[in-house]
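Read the structure below first, then the notes.
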Amino acid sequence: MADWNEYKAASKKRGSLAMEVFIIESTPAGDPELVKQTLPDHLAYQAEQEQAGTLMFAGPLSDDSGENMNGSGMIIYKTASLERAKSITEKDPMHSSGARIYKIRRWLINEGSLQIDIKLSAQSVSLSED
Numbered sequence: 001m002a003d004w005n006e007y008k009a010a011s012k013k014r015g016s017l018a019m020e021v022f023i024i025e026s027t028p029a030g031d032p033e034l035v036k037q038t039l040p041d042h043l044a045y046q047a048e049q050e051q052a053g054t055l056m057f058a059g060p061l062s063d064d065s066g067e068n069m070n071g072s073g074m075i076i077y078k079t080a081s082l083e084r085a086k087s088i089t090e091k092d093p094m095h096s097s098g099a100r101i102y103k104i105r106r107w108l109i110n111e112g113s114l115q116i117d118i119k120l121s122a123q124s125v126s127l128s129e130d
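Shown next, in the form of structure tokens:
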């Protein structure tokens, strides 16, 4: 296995993006009611992290068929270190309450760009037309 920091340095040297982020896979710990009860606090915490500039993306994952929810979710944080990402993740009410457990991994983004086509919802369109 290659050393992470050596690989990251080599990626930068060859001109790759070499942008390090942290992927959190969050799964229910067992009690669906606790997950539901914790959701408002979790969403408020995620909004705080977005405002702070650490939350890149978050949302639910499907099962293998792509047709159904499986209860797990993914969060991507941009922080200075794995330790900081762990601290943020542990303070998330879903994790601190025991409603969900998580795995965290570094992800080195070497290629690509963010191209999002944002569609306005019908409600947003009707509000903007007033």
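The numbers in the UniProt record's numbering rise by one with no breaks, and the one at position 57 of the sequence shown is 57.
Ideal placement from N, C-alpha and C gives every residue a C-beta, glycine not left out.
Around the beta-carbon of ARG105, fewer than 16 other beta-carbon atoms lie within 10 Å, marking it exposed.
With at least 16 other beta carbons inside 10 angstroms of its own, ALA85 counts as buried.
Nearest to SER72 by alpha-carbon distance, out of TYR102, ALA9, SER65, GLY53, is TYR102. The DSSP-derived three-state label of THR27 is strand.
For PRO60, the pairing in a beta bridge is given by DSSP as GLY73. Taking SER26 as the centre and dropping the five residues before and after it, the same chain places the C-beta of GLY73, ARG100, TYR102 closer than 6 Å to its C-beta, in chain order.
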